[in-house]
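Under numbering that gives the first Met the number 0, the first residue of the sequence shown carries the number 0, and numbering increases by one thereafter.
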Amino acid sequence: MNNVTSAEPRVAASSTLGLIHYLREQDCLDVPRVEAILGQPLASLDDPDHRIAASRHYQLWDHAEAVTGDPAIGLHAGATADTDRMGLAGHVFFNADTLGAAATQYVRLHRLINESVSLRLEQTDELAILIWTVDEPHHYSRQDMDRTLASTISRTQHFMQVPLDIARVRIAHPAPDYAGAYHELLQCPVEFGAPAMELAFDVRYLNRPLPHRNPYVYSAVLKQVNSLLSRIQSRRRFSRKVRRLIARQLASERMDADTLARQLHMSRQTLYRRLKKEGLSFHDLVEQVRQERALRYVGDDRYALGEIAFLLGFSELSAFSRAFKRWTGESPARYRERHRADPEGS
């Protein structure tokens, strides 16, 4: 059995419980074997705040595929909405006002679900695109990514009460023998061997209200989830220090990992390793800081757009404009114009 360090990324116990429930339904649950894989009794998973080491969760997926004999188990396990086993974060998503608000919370709270996978939402004029990126190759689980994709679609359609018209899906692993199962489930073009998993759908869906949202449930569960998120983030003191250095030096030509590592009196490899322990990468931090600053700078009239591009370390305005549109779905000029007309962003 693998040793688990306190720094290893973790997965919400609700995700592991969902797989255990599926094994029970398939009459394939070997409790002693599953407890040995997880290194703990199944009763410990009932705590809604409990978290499982990602490596053990992924070992359980390998075991599940072996005992069911189903290589497409991730797709099959995720294809049912199973709303009783969503976990706290799921109840936040689907009690939001609109699908767009739910997607925003999904991105913000995704580390509560799985600390080894990053999630972001990008928009174009026509598409909203959810993009999942596994932080480290050894944490890539084909079965878990399949389940993530299938459950995202099945639960969204369940709560919207209409089919989700999917424009395209990209899968980060090579085409498996069961590739036809993706086409059957998704009814859209599917590309395998992509850099990250992507789910793209019509951007207009983001404005659709969720018919059975409950603002009281939303408020109560969000408070509990935010408390848990705060405890997780408290472990990330080092990354906050790196973020502050990045923010101060975005406009500098010498803003790179080697320069920041020297300021922290460590090697670039040590910088990367310590960020990895918090489930982050240097590139992710730079992107996050740039995006946050961009929204703040463009939202007021203190700087011209060309000045903002310089302050954020972009070589030219066109490069900044492309990045801003990738983050928000609209140009900096349009965002500024809309913000002037509606300063509350409603």
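No residue lacks a Cβ here, since even glycine has one placed at the ideal position from N, Cα and C.
With a threshold of 16 other beta carbon atoms within 10 Å, residue 113 meets it and is buried. Shown here, residue 113 sits in a strand according to DSSP, grouped into three states. By the 16-neighbour rule on beta-carbons within 10 angstroms, residue 24 is exposed.
With distances taken between CA atoms, residue 251 lies nearest to 311 out of 22, 105, 204, 311.
Restricting attention to 121, 189, 221, the CA atom closest to the CA of residue 145 is found in 189.
Unbroken alpha helix (DSSP H) runs of no fewer than 4 residues, entirely contained in the segment 181 to 235, are found at 214 to 232, following chain order. A Cβ-Cβ distance of about 7 Å is found for the pair residue 148 and residue 198, placing them in contact under the 8 Å criterion.
About 7 Å separates the CB atoms of residue 32 and residue 62; that is less than 8 Å, so the two are in contact. Looking at the DSSP output, residue 119 bridges to 130. Under the three-state reduction of DSSP, residue 285 is assigned to helix.
Residue 101 is a Cβ neighbour of residue 209, given a cutoff of 9 Å.
A contact is defined here as three or more CB-CB pairs under 8 Å, and the segment 325 to 339 meets this definition with respect to the segment 287 to 301. Between residue 13 and residue 40, the CB-CB gap reaches or exceeds 9 Å.
Close CB contacts of residue 77 within its chain, under the 6 Å cut and outside five residues either way in sequence, are with 146, 149, 150 (chain order). Secondary structure remark: continuous alpha helix (DSSP H) runs of at least 4 residues inside the segment 26 to 64, in chain order: 30 to 37.
Burial state of residue 269 is exposed, judged by a 10 Å Cβ sphere holding fewer than 16 other Cβ atoms. Burial check for residue 138: the Cβ neighbour count within 10 Å reaches 16 or more, so the residue is buried. DSSP, read as helix, strand or coil, puts residue 97 in strand. Listed as beta-bridge partners of residue 165 by DSSP are 200.
Look at residue 149 here: in three-state DSSP terms it is helix.
DSSP lists 51, 113 as the bridge partner or partners of residue 10.
Residue 161 is classed as exposed because its beta carbon has fewer than 16 other beta carbons within 10 Å across all chains shown. In this structure, the beta-carbon distance from residue 56 to residue 220 does not fall below 9 Å. With fewer than 16 neighbouring CB atoms inside 10 Å of its own CB, residue 42 falls in the exposed class. Non-local beta-carbon contacts of residue 273 in its own chain, meaning distances under 7 Å to residues more than five positions away in sequence, involve 237 in chain order. When the Cα atoms are used, residue 223 and residue 257 turn out to be separated by approximately 39 Å.
Secondary structure of residue 19 (DSSP, three-state): helix. Spatial neighbours of residue 191 in its own chain (CB-CB distance under 6 Å, excluding positions within 5 residues in sequence) are listed in chain order as 170, 173, 174. Within the same chain, 119, 195, 197 come within 6 Å of residue 130 by CB-CB distance, once the 5 residues on both sides are set aside.
Judged by DSSP in its simplified three-state form, residue 299 adopts coil rather than helix or strand.
Counted as a single uninterrupted DSSP element, the stretch harbouring residue 172 is not any alpha helix (DSSP H), since DSSP gives it neither H nor E.
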